[in-house]
Amino acid sequence: MEDITPSLTDFIECDDFWQKILVIETAEYIPKLLQRFSTAEIYFVTTDEDFLEKFSNNAQVKIFLLDYREEVLPFDEEFFDAIIGDLTLEVVINPQDIAVGFSRYLKQTGFWLTSFRNVRHWKFLEKLMRGHFGAIVSRFYTRLEFERMLYASFYKEVNFSPLRKKAPKDLLKKLVDCGFENIGGDLEVEFWLVRAARSMPELALLKSMFNFEVREKLSRLLHRIEYDIDTENSVKNFWQLCDDENIFTDYISAFVRAAVVHRENFYKNLQKFSSRPEIEKIIQETEALYDIDHDLV
1276 MEDITPSLTD FIECDDFWQK ILVIETAEYI PKLLQRFSTA EIYFVTTDED FLEKFSNNAQ
1336 VKIFLLDYRE EVLPFDEEFF DAIIGDLTLE VVINPQDIAV GFSRYLKQTG FWLTSFRNVR
1396 HWKFLEKLMR GHFGAIVSRF YTRLEFERML YASFYKEVNF SPLRKKAPKD LLKKLVDCGF
1456 ENIGGDLEVE FWLVRAARSM PELALLKSMF NFEVREKLSR LLHRIEYDID TENSVKNFWQ
1516 LCDDENIFTD YISAFVRAAV VHRENFYKNL QKFSSRPEIE KIIQETEALY DIDHDLV
């Protein structure tokens, strides 16, 4: 991994607030993460025993000596806000198994930050043209292949950022003339940085405000009202849950938008079996959110 500049921290956004972070092998990220998240717990998985002494005096850093490619990680599901490490799927037997495994350790609001070597980079293609291929045990990817694998591994949104290394002009022209497309300058991207989210941004926000049990109850009640299941009691229990948990109307509107398919029937039942003043506001806010979505299409 020494040939890639550790740049994944550039993918950390200003509103990220991570308290539990898993670092895979790339120790260079630990000081940067401690500086950015001063109260975070850093869990570092490595096969290098030298790091035991290096971080022994830092109570925020917990070291685990194991090979993440061969051993089950000793953490609970949905434990981490973020997992970060370069080239984590380069030397593995089944990359999708690793990708799926990481997603299970992430919270519903969590992110996986990693990178991969671009198989379409000019240096790689030049070696192939000269008959050299030394990376027998490594896996290389195109951006499209990596993206498809992540979506198949339960990630909901994937963003990429390039690390470029310019090609000699004559070589770049030769590759293009040979039929290699260079859309977006892809032939000069040596590495792709990746930020993969466990949930879509709007759903991640919903999941961050109330715990799973509250969200599960709210979702079940919304669907019972929507599909006329013991409707009067469902409406009563819905308002009771909102009062008990202090669920505000903006949140309800966003949740309705995300969960309810038959909105008209939901509104009708809500109005039929209750007279809360919040109903009109919920309807207006929910429909306004739909209007915004349609404007973006």
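So the number in my numbering is just where the residue sits in the sequence shown, counting from 1, plus 1275. From the three backbone atoms N, C-alpha and C, an ideal C-beta is built for every residue, glycine too.
Leaving aside the five residues that flank R1344 on each side, the residues in its chain whose CB is nearer than 6 Å to its CB run, in chain order, V1367. In terms of CA proximity to F1548, N1508 leads the group N1508, K1448, L1438. Beta-bridge partners assigned by DSSP to Y1318: L1297, K1337. The beta carbons of N1434 and I1500 sit about 36 Å from each other, so the pair does not count as a contact at 8 Å.
Between F1326 and I1317 the beta-carbon gap is near 12 Å, outside 8 Å, which marks them as no contact. Contact annotation, I1299 with T1363: C-beta distance approximately 5 Å; criterion of less than 8 Å satisfied. Restricted to the region 1373–1439, the beta strand (DSSP E) segments that are unbroken, complete and at least 3 residues in length are 1381–1392, 1432–1439, listed in chain order.
Looking only at R1538, V1464, Q1371, A1302, the smallest Cα-Cα distance to H1396 is reached by V1464. Cβ atoms of E1353 and L1381 come within 8 Å of each other, at about 7 Å. Annotation: the continuous alpha helix (DSSP H) that includes D1518 extends over 1506–1520.
For V1469, no alpha helix (DSSP H) run applies; the uninterrupted beta strand (DSSP E) run containing it begins and ends at 1464–1472, by DSSP. Taking C-beta atoms as the reference points, L1497 and L1516 fail to come closer than 8 Å. In this model, D1503 and S1331 are separated by some 59 Å (Cα to Cα). Annotation: the continuous beta strand (DSSP E) that includes F1355 extends over 1355–1359.
Its chain contains I1554 as the residues whose beta carbon lies nearer than 7 Å to that of Q1546, once the 5 sequence neighbours on both sides are disregarded; these appear in chain order. C-alpha of D1342 to C-alpha of F1286: approximately 25 Å in a straight line. The closest CA to that of L1425, considering only F1386, S1282, F1319, Q1559, is found on F1386. Around the CB of R1405, fewer than 16 other CB atoms lie within 10 Å, so the residue is classed as exposed. The beta carbons of T1561 and R1538 sit closer together than 8 Å.
Burial state of V1347 is exposed, judged by a 10 Å Cβ sphere holding fewer than 16 other Cβ atoms.
Approximately 13 Å separates the beta-carbon atoms of L1297 and I1373; this is outside 8 Å, ruling out the contact.
The three-state reading of DSSP puts I1279 in coil, since its state is none of H, G, I, E or B. According to the DSSP assignment, T1524 belongs to the alpha helix (DSSP H) that extends over 1524–1534. Judged by their CB atoms, V1469 and F1429 are not nearer to each other than the 8 Å cut-off. Between S1378 and R1490, the CB-CB gap reaches or exceeds 8 Å. Sequence-distant partners of P1281 (beyond 5 residues in either direction) whose C-beta falls short of 7 Å from its own C-beta, in its chain, are T1301, E1303, Y1304, D1361. Classified as buried, F1355 has 16 or more neighbouring CB atoms from the shown chains inside 10 Å of its CB.
With fewer than 16 other Cβ atoms from the protein chains shown falling within 10 Å of its own Cβ, I1458 counts as exposed.
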